[in-house]
Amino acid sequence: MASREWLVSKVRGRTHMDQWTNIEGEGRTRSRQSSTTAVSEAPHNFSYKIHRCPYCQYATTIVTHMKRHILSHTGEKPYSCSHCSYSCITKDDLKKHIRTHTGEKPYLCPHCPYRSSRKYTLKVHLVQHQL
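So that you can map any letter, position 63 of the sequence shown is 63 in full-length UniProt numbering, and since no number is skipped, the others follow by simple counting.
Printed below as a string of C-alpha cells:
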C-alpha cells in the first residue's frame with residue numbers, strides 16, 4: 001500500500017477521508033460532493049501533508065501538534081500563570097495549574113467524598129474502590 005493511502009486509512013479512516021481532497025499549496029480542503037468553488041477548512045486541521053520536526057524524527061499531519069512539539073525543543077512557554085512564575089506550553093496545562101491556586105476540584109469520586117483537581121488523580125483513587 002502506498003504511504004499516502006496507508007496514512008489516510010490509518011489516521012482518519014477511509015470513509016471519512018474519501019470525502020475530502022487537498023487543494024495544493026493552500027493547506028485547505030474541499031468536499032468532493034460540493035461545488036468546485038466551495039472551499040472550507042478541513043476538519044481537525046487535517047491535511048495530507050506530513051509535517052516533520054526540524055530538530056528530531058517526529059512527524060505529524062496536524063499543524064497545531066507540530067507547533068506545540070517544536071516548543072518543546074525551543075524552550076518557549078507562551079502561557080504564564082498570573083499568580084506565580086509558572087509557565088507552560090499548552091493552555092490546558094495552565095488551566096490545570098491554576099486549579100492549585102483556586103482550589104477547584106471538578107473531578108468527583110462516585111463512591112466517597114473524594115474530589116480531585118486532575119482527572120488522572122481521580123483514576124488512581126478509583127483503583128482503591130476496586131480492591
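All C-beta atoms, glycine included, are put in the ideal place defined by N, C-alpha and C.
Original post:
Quick one, which of 90, 55, 79 and 81 has its alpha-carbon nearest residue 64's?
Top reply: 90
Original post:
Under a three-way DSSP split, which group does residue 119 fall into?
Top reply: Residue 119 falls in the helix class under three-state DSSP.
**OP:** Out of 112, 108 and 127, state which residue places its alpha-carbon closest to the alpha-carbon of residue 118.
**Re:** 108
Original post:
Taking C-beta to C-beta, are residue 72 and residue 79 nearer than 9 Å?
Top reply: no
Original post:
Just the Cα atoms here: how many angstroms apart are residue 130 and residue 124?
Top reply: 11 Å
**OP:** Go ahead and pull the three-state DSSP assignment for residue 98.
**Re:** Here residue 98 sits in helix by DSSP.
Original post:
Between which two residues does the beta strand (DSSP E) containing residue 89 stretch?
Top reply: Unbroken run through residue 89: none, as it is neither H nor E.
Original post:
Do residue 69 and residue 61 have their C-beta atoms closer together than 9 Å?
Top reply: no
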